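In what follows, a single structure is set out as structure tokens and then discussed.
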Amino acid sequence: DVKVTQSSRYLVKRTGEKVFLECVQDMDHENMFWYRQDPGLGLRLIYFSYDVKMKEKGDIPEGYSVSREKKERFSLILESASTNQTSMYLCASSLVGGNIQYFGAGTRLSVL
Amino acid sequence: GQQVMQIPQYQHVQEGEDFTTYCNSSTTLSNIQWYKQRPGGHPVFLIQLVKSGEVKKQKRLTFQFGEAKKNSSLHITATQTTDVGTYFCAPHGGTSYGKLTFGQGTILTVHP
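As given, the protein sequences belong to chains A and B, one line each in that order. Under the numbering used here, residues 3 to 114 are what the first sequence spells out, in order. Under the numbering used here, residues 905 to 1016 are what the second sequence spells out, in order.
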């Protein structure tokens, strides 16, 4: 069975802290994605990666960076967390070519 | 870039009533996917439509892809409380790396 695991379900951080959100998939998928979900705004793509060490900016990359050192792991980094980054963060993975995306359970991040 | 409009944003129905959500794109699509997110859950893939004018059914759910491949709809017949959740369309414009643009979602509430 397909599995995408996000390291934390809930996270509370202080403004200015460096925050790491981790995502691991066990399906040998090439593509991995980070989204944030806010009420009324749907799913907005932050960054995606189509191969190890390869990354592309999504629609809202400002304030975020990513790392993909291994195929199964895709990390989202908030260099200096701000209150407007309080949100639900969802990781997803897929095979190449626009295929089905499989989502993790999400991490609800609160920045105080 | 690709613009996606999903309507309505909210829909409240009595159990047993029908429900429809619409997805419109500004550009011709390669294919479109639909996802469902239960309250407190993560998006889960429902179906993918590829052909112009395609109609697919899953029990009480009917999915349609427009003839011009610019719009799609999801219709639920005789809603049940288990249908509660947010329904997202995810058009794929044929770009590389499997990147999807998600609609804003339609939040469905079903009153027993």
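We treat Cβ as the ideally placed atom computed from N, Cα and C, and that holds for glycine. Computed from a predicted structure; not experimentally measured.
Take the alpha-carbon of residue 39 of chain A and the one of residue 992 of chain B: they are about 12 Å apart. Under the 10 Å beta carbon count, residue 95 of chain A is surrounded by 16 or more other beta carbons and is classified as buried. Residue contact check for residue 23 of chain A against chain B: no CB pair falls below 7 Å.
For the set A:18, A:80, A:26, the Cα lying nearest the Cα of residue 64 of chain A is the one of A:80.
Those residues of the segment 88 to 112 of chain A placed with their C-beta closer than 7 Å to a C-beta in chain B are 92, 96, 98, 99, 100, 101, 102, 103, 105, 106, 107, 108, ordered along the chain.
By the Cβ-count criterion, residue 983 of chain B is buried, with 16 or more other Cβ atoms from all chains shown falling within 10 Å of its own Cβ.
Under the three-state reduction of DSSP, residue 925 of chain B is assigned to strand. Using beta-carbon distances, residue 44 of chain A counts as an interface residue toward chain B, with a partner under 7 Å. The segment 67 to 83 of chain A makes contact with the segment 34 to 53 of chain A; the number of CB pairs closer than 8 Å reaches 3 or more. Put simply, the CB of residue 946 of chain B is near chain A, with a gap under 7 Å to one of its CB atoms.
Linking residue 936 of chain B to residue 953 of chain B through their CA atoms gives a straight-line distance of about 5 Å. Residue environment analysis places residue 940 of chain B among the buried positions, since at least 16 neighbouring C-beta atoms fall within 10 angstroms of its C-beta. Excluding its 5 nearest sequence neighbours in each direction, residue 922 of chain B has C-beta neighbours in its own chain below 8 Å: 979, 980, 981, 982, 983, listed in chain order. Interface annotation, residue 967 of chain B: not in contact with chain A, CB-CB separation never under 7 Å. Per DSSP, residue 972 of chain B has no beta-bridge partner at all.
Within 8 Å of the CB of residue 952 of chain B, the CB atoms of chain A belong to 102, in sequence order along the chain. For the options A:3, A:4, A:5, A:9, the alpha carbon positioned closest to that of residue 110 of chain A is the one of A:9. Our two residues, residue 22 of chain A and residue 77 of chain A, have alpha carbons roughly 7 Å apart in a direct line. Scanning its chain for C-beta atoms nearer than 7 Å, with the 5 sequence neighbours on each side dropped, one finds around residue 933 of chain B the residues 973, 974, 995, 996, 997, in chain order.
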